[in-house]
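Here is the structure we will look at, set down as structure tokens.
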């Protein structure tokens with residue numbers, strides 16, 4: 001037992017540290033995003049506990065912004081909340097094969113960390129190295145989650161004092177730059193890269209067809225199309 | 239409906255959707271990463287990121303509205319996104335191009351908005 005544990009444990013710790021190091025790339029964006037969530041909550045008359053609960057229990061920036069800004073709309077929000085949360089199925093299903101050997105308890109406890117940013121960081125790493133995938137996910141996710149909670153608190157406490165047009169301008173491009181940079185890391189995996197850019201190009205066009213459910217439907221159309229093209233190409237090549 | 243009920247509903251559905259695929263983690267569809275189903279899910283997830291990015295950067299504008307309202311900052315955003323992608327694909331380093339693009343955008347925002 002000791003003989004197998006001794007070489008494994010330091011490697012898992014190293015992978016955890018590798019994830020934590022990569023979290024620096026993402027932490028920058030989360031600082032701005034969660035400061036804004038805190039600030040916005042204060043201006044929308046939410047209490048500190050309600051504000052922190054959105055980060056601690058939901059940890060989804062678009063949904064948190066929606067709740068904070070529109071909670072007065074009440075039950076009308078329920079289908080939109082379902083639609084926004086349904087996207088997590090895609091992220092979890094993509095990550096599942098890499099962390100399926102992890103115990104159910106550990107997996108359930110770490111589910112809150114599955115967000116588009118952490119997902120992208122994980123997939124980028126797992127395409128190259130998939131050893132100790134769970135340790136990497138935790139190493140990447142925990143610091144980001146921690147920073148997000150702290151920034152939500154700071155944002156709420158400082159309230160409107162931190163509001164600046166520059167922060168909002170930077171916010172509009174922080175996440176897009178971060179995801180696009182990570183998509184660049186997928187190069188030359190053409191199907192992944194094509195899916196990403198087709199999603200980007202398809203968003204303003206397919207919104208006419210799918211309206212409010214574009215975020216839910218557009219990705220499946222593109223994913224199906226790319227698989228179809230890839231399968232046809234493979235058949236011809238074989 | 240109180241904010242607490244909305245938070246609870248959001249938390250429960252977020253957890254359920256995050257957990258659902260793990261109930262099928264040992265099924266062939268999810269274990270064969272070269273299979274059509276897994277690739278479909280994986281590419282759909284990438285496409286979803288593309289949609290999120292467009293919605294965040296261009297404020298969910300449809301194609302017609304974007305063309306009508308297209309301004310210098312929109313053009314710069316597009317240029318920086320494509321530039322960042324090419325720079326990372328070539329250098330394999332994320333942070334330098336990420337920060338360079340962000341600084342350029344903030345500087346342009348300052349300049350254009352006085």
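Chains as they are written, first to last, in the working numbering: chain X, 1 to 238; chain Y, 239 to 352.
We treat Cβ as the ideally placed atom computed from N, Cα and C, and that holds for glycine.
- Query: What do you get for residue 259/Y, buried or exposed, if any count of 16 or more other CB atoms within 10 angstroms of its CB means buried?
  - Reply: One-based indexing of the second chain puts residue 259/Y at position 21. Answer is buried; the Cβ neighbour count reaches 16.
- Query: If you run the structure through DSSP and keep just helix, strand and coil, what is residue 90/X?
  - Reply: In the first chain, counting from the first residue as 1, residue 90/X sits at position 90. Note: residue 90/X maps to helix in three-state DSSP.
- Query: Just reading off the alpha helix (DSSP H) that residue 186/X is part of, what are its end residues?
  - Reply: Position 186 of the first chain, counting from 1, holds the residue named residue 186/X. Annotation for residue 186/X: the continuous alpha helix (DSSP H) segment containing it runs 165-186.
- Continuous alpha helix (DSSP H) stretch holding residue 62/X: start and end: Here the question's residue 62/X lines up with position 62 in the first chain. Looking at the DSSP string, the run of the alpha helix (DSSP H) that includes residue 62/X is 61-70.
- Message: Whole angstroms are fine: how far does the CA of residue 56/X sit from the CA of residue 146/X?
- Response: Start at 1 with the first residue of the first chain, and residue 146/X comes out as number 146. Start at 1 with the first residue of the first chain, and residue 56/X comes out as number 56. Spanning the two alpha carbons is a distance of roughly 9 Å.
- Message: Short of 7 Å Cβ to Cβ, which residues in the segment 85-103 of chain X face chain Y?
- Response: 85, 86, 87, 88, 89, 90, 91, 92, 93, 94, 96, 97, 100
- Message: Give me the chain X residues within the contact set of residue 349/Y, using Cβ-Cβ distance strictly less than 7 Å, ordered along the chain.
- Response: Here residue 349/Y is taken as the residue at index 111 of the second chain, counted from 1. Here the premise fails: no neighbours, minimum Cβ distance about 12 Å.
- Query: From residue 4/X to residue 288/Y, what does the alpha carbon distance come to, in whole angstroms?
  - Reply: Along the first chain, one-based indexing puts residue 4/X at 4. Along the second chain, one-based indexing puts residue 288/Y at 50. Unreliable placement is indicated for residue 4/X, whose pLDDT of 45 sits below 50; the coordinate value is still reported in the next sentence. Looking at the two C-alpha atoms, the distance is approximately 43 Å.
- Query: Does DSSP classify residue 46/X as helix, strand or coil?
  - Reply: The residue given as residue 46/X occupies position 46 in the first chain. Coil, per DSSP.
- Message: Once the 5 residues before and after residue 44/X are set aside, which same chain residues still bring their CB inside 7 Å of it?
- Response: Counting from one through the first chain, the residue named residue 44/X turns up at place 44. So the list reads 68, 69, once near-sequence residues are dropped.
- Does the segment 174-186 of chain X come within contact of the segment 316-323 of chain Y, defined as at least 3 CB pairs closer than 8 Å? yes
- Rounded to whole angstroms, what's the CA-CA distance from residue 231/X to residue 101/X? Just pull it up for me. Taking the first residue of the first chain as 1, we reach residue 231/X at position 231. Taking the first residue of the first chain as 1, we reach residue 101/X at position 101. Spanning the two alpha carbons is a distance of roughly 29 Å.
- Query: What's the gap between the Cα of residue 351/Y and the Cα of residue 303/Y?
  - Reply: Residue 351/Y sits at position 113 when you count from the first residue of the second chain. Residue 303/Y sits at position 65 when you count from the first residue of the second chain. Looking at the two C-alpha atoms, the distance is approximately 22 Å.
- Query: What is the C-beta distance between residue 90/X and residue 286/Y, in whole angstroms, given that I count them as a contact (C-beta under 8 Å)?
  - Reply: For the purposes of this step, residue 90/X is taken as residue 90 along the first chain, with counting starting at 1. For the purposes of this step, residue 286/Y is taken as residue 48 along the second chain, with counting starting at 1. Right, their Cβ atoms sit about 6 Å apart.
- Item | Reference residue 327/Y, options 185/X, 213/X, 211/X, 193/X, closest by Cα | Here residue 327/Y is taken as the residue at index 89 of the second chain, counted from 1. It is 185/X.
- Query: Going straight from the alpha carbon of residue 173/X to that of residue 75/X, what length do you get?
  - Reply: Within the first chain, numbered from 1, the residue matching residue 173/X stands at position 173. Within the first chain, numbered from 1, the residue matching residue 75/X stands at position 75. Cα to Cα, residue 173/X sits roughly 31 Å from residue 75/X.
- How big is the Cα-Cα spacing for residue 16/X and residue 23/X? Residue numbering aside, residue 16/X sits at position 16 when the first chain is read from its first letter. Residue numbering aside, residue 23/X sits at position 23 when the first chain is read from its first letter. Straight across, the Cα-Cα distance linking residue 16/X with residue 23/X is about 11 Å.
- Message: With distance defined between alpha-carbon atoms, name the residue in 71/X, 61/X, 183/X nearest to residue 87/X.
- Response: Here the question's residue 87/X lines up with position 87 in the first chain. If we check each option's Cα against that of residue 87/X, 61/X comes out closest.
- Message: If the criterion is Cβ atoms closer than 8 Å, does the pair residue 36/X and residue 171/X meet it?
- Response: Translated into the one-based positions of the first chain, residue 36/X becomes position 36. Translated into the one-based positions of the first chain, residue 171/X becomes position 171. Cβ distance < 8 Å, so residue 36/X and residue 171/X count as in contact.
- Query: Interface residues of chain Y around residue 17/X at Cβ under 8 Å?
  - Reply: The residue given as residue 17/X occupies position 17 in the first chain. Within 8 Å Cβ-Cβ: nothing; residue 17/X doesn't reach chain Y, min ~18 Å.
- Query: Considering only residues of the same chain and omitting the five flanking positions on each side of residue 275/Y, which have a CB-CB separation below 7 Å?
  - Reply: In the second chain, the residue the question calls residue 275/Y occupies position 37. Closer than 7 Å at the Cβ level, and outside the excluded window around residue 275/Y, lie 267.
- Message: Just to confirm before moving on: does the CB-CB distance between residue 277/Y and residue 207/X stay below 8 Å?
- Response: Against the second chain, residue 277/Y aligns to sequence position 39. Against the first chain, residue 207/X aligns to sequence position 207. In this structure, residue 207/X does not lie closer than 8 Å to residue 277/Y by Cβ.
- Item | the segment 131-140 of chain X / the segment 106-123 of chain X touching (three or more Cβ pairs under 8 Å) | yes
- Whole-angstrom Cβ separation of residue 31/X and residue 151/X, contact assumed at under 8 Å? Translated into positions along the first chain, residue 31/X becomes position 31. Translated into positions along the first chain, residue 151/X becomes position 151. Going by Cβ atoms, the distance from residue 31/X to residue 151/X rounds to 5 Å, so yes, they are a contact pair.
- Could you give the DSSP three-state label for residue 341/Y: helix, strand or coil? Numbered from 1 along the second chain, position 103 holds the residue referred to as residue 341/Y. Helix at residue 341/Y.
- Based on Cα-Cα distance, which residue from 135/X, 189/X, 182/X lies nearest to residue 353/Y? With chain Y running from 239 to 352 in the structure shown, residue 353/Y is simply not present.
- Message: I'd like to know if residue 139/X contacts chain Y, where contact means its C-beta is closer than 8 Å to some C-beta of that chain.
- Response: Residue 139/X sits at position 139 when you count from the first residue of the first chain. False, the Cβ-Cβ gap to chain Y never drops below 8 Å.
- What is the C-beta distance between residue 205/X and residue 301/Y, in whole angstroms, given that I count them as a contact (C-beta under 8 Å)? Here residue 205/X refers to the residue found at position 205 of the first chain. Here residue 301/Y refers to the residue found at position 63 of the second chain. Between residue 301/Y and residue 205/X the Cβ distance is about 5 Å, and since that is below 8 Å, they are a contact.
- Message: If you measure between the beta carbons of residue 114/X and residue 84/X, is that distance less than 8 Å?
- Response: Position 114 of the first chain, counted from the start, is the residue given in the question as residue 114/X. Position 84 of the first chain, counted from the start, is the residue given in the question as residue 84/X. Result no, Cβ atoms of residue 114/X and residue 84/X do not sit closer than 8 Å.
- Spell out whether any CB of chain X is found under 8 Å from the CB atom of residue 345/Y. Taking the second chain and counting its residues from 1, one reaches residue 345/Y at position 107. Judged by the 8 Å Cβ criterion, residue 345/Y is not in contact with chain X.
- 8 Å Cβ cut-off: residues of chain Y touching residue 192/X: Your numbering for residue 192/X matches position 192 in the first chain. The contacting residues are 280, 281, 284.
- Starting from residue 259/Y and walking both ways along the alpha helix (DSSP H), at which residues does that stretch end? Within the second chain, residue 259/Y is the residue found at index 21, counting from 1. Going by DSSP, residue 259/Y is part of no alpha helix (DSSP H) at all; its letter is neither H nor E.
- Extent of the continuous alpha helix (DSSP H) to which residue 202/X belongs: Within the first chain, the letter at position 202 stands for residue 202/X. From DSSP, the alpha helix (DSSP H) with residue 202/X extends over 190-210.
- Expressed to the nearest angstrom, what Euclidean distance is found between the alpha-carbon atoms of residue 215/X and residue 135/X? Within the first chain, the letter at position 215 stands for residue 215/X. Within the first chain, the letter at position 135 stands for residue 135/X. Rounded to whole angstroms, residue 215/X to residue 135/X spans 30 Å at the Cα level.
- Query: Relative to chain X, which residues along the segment 291-302 of chain Y have a C-beta separation below 9 Å, given in chain order?
  - Reply: 291, 292, 293, 294, 295, 296, 297, 298, 299, 300, 301, 302
- Beta carbon of residue 53/X, beta carbon of residue 324/Y: below 8 Å? Your numbering for residue 53/X matches position 53 in the first chain. Your numbering for residue 324/Y matches position 86 in the second chain. No, Cβ-Cβ distance for residue 53/X and residue 324/Y is not below 8 Å.
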